[in-house]
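Asks: Got a structure here, written out as structure tokens. Questions coming.
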Amino acid sequence: MKKNVTGAKAKISAEEFDQLADSGSDEIDRYLDWESARRPALEIKRTTLDLPLRLLNKIDRAAALRGVTRQSLIKVWLHERVESEPEAALKEESR
């Protein structure tokens, strides 16, 4: 069954699209509208966090050592911490 990939700049079959994606070819860009692309379940919600200056300076030094931004380092650290929590504890706290 030939199913077309639509909503993009051009049309190709789903099988052809899969082959391009699997090959890692940049040619796939012809078929995608990156302006309207979304990452489901990864939407961004802005938040503000007040930190003591001393802690912020330590975070900045740690980020500089790794060659990343403060924001990137904080996101990685938060992600690692949340992922290390037992799933049951996270469910209990969300009630």
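Going by my numbering, the letters in the sequence shown line up with residues 350 to 444, in that order.
By construction, the Cβ of each residue, glycine as well, lies at the ideal position given by its N, Cα and C atoms.
Note that the structure is predicted; figures quoted are calculated from it, not measured.
How long is the line joining the alpha carbons of I361 and Y380, rounded to whole angstroms?
Replies: Taking the straight line from one Cα to the other gives about 8 angstroms.
Asks: For I377, verify whether its CB is less than 7 angstroms away from any heavy atom of the ligand ZN.
Replies: This structure lacks the ligand ZN, and indeed carries no ligand of any kind.
Asks: In terms of residue numbering, what span does the alpha helix (DSSP H) encompassing L402 cover?
Replies: L402 -> alpha helix (DSSP H) spans 402-415.
Asks: Hey, would you say I423 sits closer than 8 angstroms to I408, going by beta carbons?
Replies: Result yes, Cβ atoms of I423 and I408 sit closer than 8 angstroms.
Asks: Looking at the unbroken alpha helix (DSSP H) that takes in I423, where does it start and where does it end?
Replies: Unbroken alpha helix (DSSP H) run through I423: 419-433.
Asks: Taking A370 as part of the alpha helix (DSSP H), name the residues at either end of that continuous run.
Replies: Where A370 is concerned, the enclosing alpha helix (DSSP H) stretches over 363-372.
Asks: Express the C-alpha separation of V431 and K440 in angstroms, rounding to a whole number.
Replies: C-alpha separation (whole angstroms): 12 angstroms.
Asks: Run through DSSP, which three-state label would K436 get?
Replies: Rather than Lys, the amino acid found at residue 436 in this sequence is Glu. Note: E436 maps to helix in three-state DSSP.
Asks: Do the CB positions of T418 and A411 come within less than 8 angstroms of each other?
Replies: The answer is no: Cβ separation not under 8 angstroms.
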